[in-house]
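Comments concern the structure below.
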Amino acid sequence: MGRGSREIININDNVTAWEAAGKIPDEVYRQCADAGLILPLAAGNRIPREWANFPIAAGIKAEEWDGFHDFVLWDELFRGAPSISSAFIGLTLVRTGGEGAPGLSMILIPRLPGISTRKIEIGADGLSATTYITFEDVKVPAEYLIGEESQGFRYTMSNFNHERLWIAFQAIRGARICLEDSMIWCQKREAFDKKLIDMPVVRHKFGHMARQIESLQAWTEQIVFELDNLSHARGSKLLGGVTALLKVQAGIVSKYIADESVKLMGGLGLTKTGQGARIEAFSRGVITLIVPGGSEDVLLDLGVREAVKLGKKAKANL
Ligand SMILES: Cc1cc2nc3c(=O)[nH]c(=O)nc-3n(C[C@H](O)[C@H](O)[C@H](O)COP(=O)(O)OP(=O)(O)OC[C@H]3O[C@@H](n4cnc5c(N)ncnc54)[C@H](O)[C@@H]3O)c2cc1C
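Numbering (this note's numbering), first residue to last: 48 to 365.
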């Protein structure tokens, strides 16, 4: 599946040109949809049967699709082009009822009269889909409602779990890329009559990087496995807080790996071309793994609040 997804959108050859243009060409979204990449990105670890007639990556059947396929898909997209892997999906939460969460519904808003958009540049890369949107008396047909009315808040919260999970998927691949490129470099580069890898202090850096990446991967796979073996509702309830903490860990590990691998590359770690290019890009974009999807402080708090809540419920049921 991985090779297929990379070849289909021919990412590696094009991403530099797209970044320079500040835009992914519209036809790429169509190609991605035809190649079965967009549906699974939106669906997460389960693809509803009623969506089975849309293309799914690598010809995998809807009923066979699981969290590990999801993991591999995000991993491969991030390996090919970190900056495009988050650019696909946009839904809107709107107030269709009274106050508070029950008054919110989720809708897909197409380009309709009264909508204007302006791209917001962010520091990390030129391909982010972050956009300032203005709505002036926009009338959205009811058929664009996602799911049931008044359930928007619940859908959003549940979607956050998947978003946090795929941020962890991306963090792991990004960190592995940094480890790989800095390891190759340290086995080549000689300083003070020695290869960098022959210095204990350099090997220590790799040891610290590797132990953190492997732990992050193991924890991520554990959560993916658990979610695959729980109902969606139960998985969201039991693992929402844990997934928030995983996302925090993914950000902390990514930042650490980015900093260490930039240092190991020396000046090359700051150049947008050449052997340090992938590390430079990851270190520039690492903050997009830390703030979006819920920033670190907020998610640490959420993770503990959820654990306390589950603990109280479990005690009450004794
Ligand atoms: C590039 C990018 C893309 C994004 N894409 C999307 C998207 O597609 N869809 C979407 O819905 N959103 C998106 N976001 C929004 C993103 O999820 C939020 O910016 C992020 O969750 C932080 O929320 P905030 O900006 O409201 O910051 P705030 O909530 O104002 O938080 C700012 C800081 O205040 C402190 N803080 C706030 N609350 C607490 C608390 N309870 N406990 C402790 N400290 C706290 C923390 O230090 C926190 O980092 C995107 C953001 C960026 C930058």
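Quick reminder that beta carbons are idealized off the backbone N, C-alpha and C, glycines included.
Cα-Cα separation, residue i to residue j
i	j	result
Glu183	Leu292	39 Å
Gln198	Ser152	6 Å
Arg352	Gly288	8 Å
Ala265	Leu138	31 Å
Gly340	Phe207	7 Å
Gly321	Ile304	19 Å
Pro188	Gly150	18 Å
Ala134	Glu168	Here the model assigns Ala134 a pLDDT of 49, short of 50, so the residue's position is not dependable, and the following value carries that caveat. Taking the straight line joining both Cα atoms gives about 13 Å.
Phe200	Gly332	29 Å
Arg77	Ile71	11 Å
Leu365	Ile260	38 Å
Ser342	Thr178	19 Å
Val62	Phe329	14 Å
Gly298	Asp344	11 Å
His279	Ala64	40 Å
Ile154	Tyr202	11 Å
Glu74	Arg258	41 Å
Thr290	Asp348	12 Å
Thr318	Phe239	23 Å
Arg281	Ile107	25 Å
Glu190	Lys166	27 Å
Val338	Ala363	35 Å
Gly254	Arg142	50 Å
Proximity winner among the options, relative to residue i (alpha-carbon distances)
i	options	result
Lys186	Leu212, Leu159, Asp344	Leu159
Glu210	Leu357, Leu336, Arg281	Leu336
Ala192	Pro157, Ile304, Gly114, Ile107	Reading off the sequence shown, one finds Leu at residue 192, where the question assumed Ala. For the residues Pro157, Ile304, Gly114, Ile107, the minimum Cα distance to Leu192 belongs to Pro157.
Gly323	Met230, Ala99, Ala215, His251	Met230
Gly69	Ser330, Ala297, Arg142, Ala176	Ala176
Gly91	Tyr76, Lys108, Ala82, Phe118	Phe118
Leu263	Gly83, Lys242, Gly221	Gly221
Gly114	Lys284, Gly298, Gly170, Ile270	Ile270
Leu84	Ala64, Trp112, Glu97	Trp112
Thr267	Ala363, Phe216, Ala354	Phe216
Val355	Gln296, Leu286, Ala64, Ile299	Leu286
Val300	Phe239, Gly194, Ala363, Ile219	Ile219
Cys79	Ala105, Glu273, Arg258	Ala105
Arg223	Ala361, Ala89, Glu196, Asp122	Asp122
Gly144	Ile334, Arg93, Lys166, Glu196	Glu196
His116	Arg126, Arg93, Trp98, Asn100	Arg93
Asp275	Leu212, Ala238, Arg126, Leu349	Leu212
Lys302	Gly314, Leu277, Phe272, Ile334	Ile334
In DSSP terms, what residue i is bridged to
i	result
Ser152	Val141
Leu192	Ile154
Phe182	Ile162
Ala363	Answer is none; Ala363 lacks a bridge partner.
Ala105	Beta-bridge pairing links Ala105 to no other residue.
Glu237	Lys242
Cβ distance (whole Å) where residue i is taken to contact residue j below 8 Å
i	j	result
Pro102	Leu86	7 Å
Met246	Glu307	At roughly 14 Å, the Cβ-Cβ gap does not stay under 8 Å, so Met246 and Glu307 are not in contact.
Lys294	Leu357	About 18 Å separates the two Cβ atoms, so there is no contact after all.
Leu120	Leu88	7 Å
8 Å Cβ shell around residue i - same chain, five flanking residues per side excluded
i	result
Leu3	Residue 3 cannot be examined here, being either before or after the span of the chain that is shown, 48 to 365.
Arg96	Ala109, Glu110
Gly194	Met153, Tyr202
Gly147	none
Chain-order list of residues whose beta-carbon lies under 7 Å from that of residue i (same chain, five-residue window excluded)
i	result
Asp81	Pro102
Ile180	Ile162, Thr164
Ile326	Cys225, Asp228, Ser229, Ser308, Val309, Met312, Gly316
Ser283	Ser205, Asn208
Ile214	Lys294, Ala297, Leu336, Gly340
Residues of its chain near residue i, where Cβ-Cβ distance is below 6 Å and the 5 sequence neighbours each way are ignored
i	result
Ala99	Ala109
Arg126	Arg220
Ala361	none
Gly350	Gly288, Ala291, Leu292
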